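In numbering that gives the first Met the number 0, the protein residues as written are 0 to 161.
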Amino acid sequence: MILDLLAFLVLAGTAVVTALAALLVRELVHTIVWVALFFVSLAGFYFLVSAPFLGVLQLGVYAGAVTILLLFGVMVTRKRIFAREAATGLGPAPIALALLVVVVLATAASTIPSATTQVHGYSVDALSAALFGPYGAWLLLLGLVMLPALAGAIYLVREGRE
Numbered sequence: 000m001i002l003d004l005l006a007f008l009v010l011a012g013t014a015v016v017t018a019l020a021a022l023l024v025r026e027l028v029h030t031i032v033w034v035a036l037f038f039v040s041l042a043g044f045y046f047l048v049s050a051p052f053l054g055v056l057q058l059g060v061y062a063g064a065v066t067i068l069l070l071f072g073v074m075v076t077r078k079r080i081f082a083r084e085a086a087t088g089l090g091p092a093p094i095a096l097a098l099l100v101v102v103v104l105a106t107a108a109s110t111i112p113s114a115t116t117q118v119h120g121y122s123v124d125a126l127s128a129a130l131f132g133p134y135g136a137w138l139l140l141l142g143l144v145m146l147p148a149l150a151g152a153i154y155l156v157r158e159g160r161e
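Structural data, given as structure tokens:
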């Protein structure tokens, strides 16, 4: 039980730090990397609560595909993705508003009475067969089609191509 609590605290700390880093960093590509690490920490939560199928989906869909899609979009739309003109980040007003929302939500959550619910497991085989049974090959083909598209995007935005 203590190891579960320790793992939860490490994952929660990682999630908070990576989410804040994604908001506060100035480079757009670095923001995407921090978001990818945030998605990986969320997958750790799924593994911690004994939901391995959802953890693998989180890793594959969000930490993998969504991150690649974001990088692909940045590379296609921005000429210099590591340049200062591609800078992001938040000013003090949105950060203050976010902290106010966190305080209000924490106050509201502390007043809600806790209830214990029974968690039931699920069959990973049945769930994966229901979700990907007839479409598994098409999803694999989609991933194989996206890989050369990413390579093409890298070729189009590389330096010195003019």
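Glycine included, each C-beta is placed from N, C-alpha and C at the ideal position.
Computed from a predicted structure; not experimentally measured.
Under the DSSP assignment, GLY142 falls in the alpha helix (DSSP H) whose first and last residues are 135-156. Spanning the alpha carbons of ALA6 and ALA42 requires a straight line of approximately 13 Å. Linking THR17 to VAL28 through their CA atoms gives a straight-line distance of about 14 Å. PHE44 and GLY54 have their C-alpha atoms some 8 Å from each other. Exposed is the label assigned to ALA129, since fewer than 16 other Cβ atoms lie within 10 Å of its Cβ. The residues LEU149 and ALA152, in chain order, have a CB closer than 6 Å to that of PHE71 in the same chain once the five nearest residues on each side in sequence are set aside.
Annotation: the continuous alpha helix (DSSP H) that includes MET74 extends over 66-76.
Leaving aside the five residues that flank LEU47 on each side, the residues in its chain whose CB is nearer than 8 Å to its CB run, in chain order, ASP3, ALA6, PHE7 and LEU10.
A direct Cα-Cα distance of roughly 38 Å separates GLY12 from ALA136. Cβ-Cβ separation between PHE37 and ALA64: approximately 15 Å, too far for a contact (criterion under 8 Å).
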